[in-house]
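Quick note, the sequence shown lines up with residues 1168 to 1463 if you use the numbering used here.
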Amino acid sequence: MRLSAMGIEVAESAFEPLGRTALRVLGRLPGGLTEHLLFTELPGRTFRQKAVQRLLRGPRPVRVHFVAGPIAGYEFDCSTAERYFLLGARYETAVVEVLSSLIRPGDVVYDVGAHAGFSALVFARLAVGGRVYAFEPSPSTFARLLHNVELNHAAGVRPVNAGAWDRPGQLRLAENSSWSRVIDDDASVDLPVSDVRLLRLDDFVYRDGERPATLLKVDIEGNAARCLAGAREMLRRARPRVVLEIHHAAEHRDCLAILQEHGYDVRALESTRRYPYHLMAAVPSAQPAAPAALTG
């Protein structure tokens, strides 16, 4: 039997009675409230997360079947602690709605920070006949990305095991299942650490001959300006539409400077500036209607 909640279905046998009840309760809450309670940096967040996972006997792997939302009909392997599971089809609905208005059949989408593949699957469904390049530097997360792409036979997605940066080379990445961060070579952390490959998007396109982006989405935990700095030529020549997830003030400032240097108009997708939030950018001649005022 299948348990349905939050626009997803899971095997009912995978959860004990208390876990099934917890999922039904979460399914009745507005998605924004669930995200606020479990993922916003508020007092008691860790306690609430642990309490939910105790009921679910997690964190642990789970396969979900989306019955609603932008990837309805797809299977997705994730963790019971991740937003993909706890928010289900309500995951990043506002951002997905905006991206849906920007991506057209035949587009070439660069998904920088593709993680386990949710956004790449969304983009592939929208950019029918085009191509989605899904960049993910973490070896373990890249394996999850490959798996979810293959699970859904998403032939339009090309996974790339590298980070898009301002220089080619390598760096050290500390990570858990849901996020990663760059660390100094001599830093000591209590997390798994990987040496990951870096590339410049300008080299990827103008040296290696790959197709330039028509839309560039970047979510790399506070380092979006590094990606843009390595894509200056593509910004100048290809003029892709750009969507960024912003994690701190310096990232906002540096991204804004690069984009405005190349003639982009930049707008906020959300009305609030609580981190993380999203910026959308386009050259004025191709600027779509945006939901918020010009940032500066």
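For each residue, glycine too, the CB sits at the ideal point set by N, CA and C.
* According to the Cβ coordinates, are V1231 and V1177 closer than 8 Å? -> The Cβ atoms of V1231 and V1177 lie closer than 8 Å to each other.
* To do: Compare the C-alpha of D1369 against each of L1205, W1332, S1286, S1267 and name the closest.
  => When only C-alpha atoms are compared, the closest one is W1332.
* Asked: Between the C-alpha atoms of L1383 and P1184, what's the straight-line distance to the nearest angstrom?
  -> The straight-line gap from Cα to Cα measures roughly 43 Å.
* With 16 other Cβ atoms within 10 Å as the buried cut-off, status of D1375 -> Exposed.
* Asked: Going by C-alpha distance, which of V1234, A1281, P1210 is nearest L1170?
  -> Considering only alpha carbons, the answer is V1234.
* Starting from V1219 and walking both ways along the alpha helix (DSSP H), at which residues does that stretch end? -> Under the DSSP assignment, V1219 falls in the alpha helix (DSSP H) whose first and last residues are 1212 to 1223.
* Mapping DSSP to helix, strand and coil, what is E1202? -> In the three-state scheme derived from DSSP, where H, G and I count as helix and E and B as strand, E1202 is classed as helix.
* Please indicate yes or no: does the CB of D1432 lie closer than 7 Å to some heavy atom of the ligand SAH? => Only the bare structure without any ligand can be found here, which leaves the ligand SAH out of the picture.
* Among the residues of its own chain, which have a CB less than 8 Å from the CB of D1474, if the five just before and after it don't count? -> This structure cannot speak to residue 1474, because the chain is shown only from 1168 to 1463.
* **Environment of R1434 [buried if 16+ CB atoms lie within 10 Å]** => Classified as buried, R1434 has 16 or more neighbouring CB atoms from the shown chains inside 10 Å of its CB.
* Along the chain, which unbroken stretches of the beta strand (DSSP E) at least 3 residues long are found entirely within the stretch 1378 to 1445? -> Positions of the beta strand (DSSP E) runs, each at least 3 residues long and wholly inside the stretch 1378 to 1445, are given as 1382 to 1385, 1408 to 1413, 1432 to 1435 in order along the chain.
* Is it right to say P1237 is buried, meaning 16 or more other beta carbons lie within 10 angstroms of its own, or is it exposed? -> Sixteen is the threshold: when 16 or more other Cβ atoms of the shown chains lie within 10 Å of the Cβ of P1237, as they do, the residue is buried.
* Asked: Is there contact between the stretch 1412 to 1419 and the stretch 1387 to 1399, where contact requires at least three CB pairs shorter than 8 Å?
  -> Contact between the stretch 1412 to 1419 and the stretch 1387 to 1399 is present, with at least three C-beta pairs closer than 8 Å.
* Asked: Taking the C-alpha atoms as reference points, what is the distance between P1335 and E1208?
  -> Linking P1335 to E1208 through their CA atoms gives a straight-line distance of about 34 Å.
* Asked: Hey, would you say A1261 sits closer than 8 Å to L1436, going by beta carbons?
  -> Their beta carbons are under 8 Å apart, which means A1261 touches L1436 by this criterion.
* Asked: Three-state secondary structure (DSSP) at E1208?
  -> In the structure shown, the three-state DSSP call for E1208 is coil.
* To do: Counting only the same chain and skipping the five closest in sequence on each side, list residues whose C-beta sits under 8 Å from that of Q1273.
  => Checking the sequence shown, residue 1273 turns out to be Gly, not Gln. Listed in chain order, the non-local C-beta contacts of G1273 below 8 Å within the same chain comprise A1294, V1295, G1296, G1297, local neighbours out to five positions each way being set aside.
* To do: Put G1284 into one of helix, strand or coil per three-state DSSP.
  => G1284: coil per DSSP, three-state reduction.
* To do: Could you tell me whether the stretch 1356 to 1367 touches the stretch 1303 to 1315, using the rule of 3 or more Cβ pairs below 8 Å?
  => Counting C-beta pairs with one atom in each stretch, the stretch 1356 to 1367 and the stretch 1303 to 1315 have three or more that are closer than 8 Å, which means they touch.
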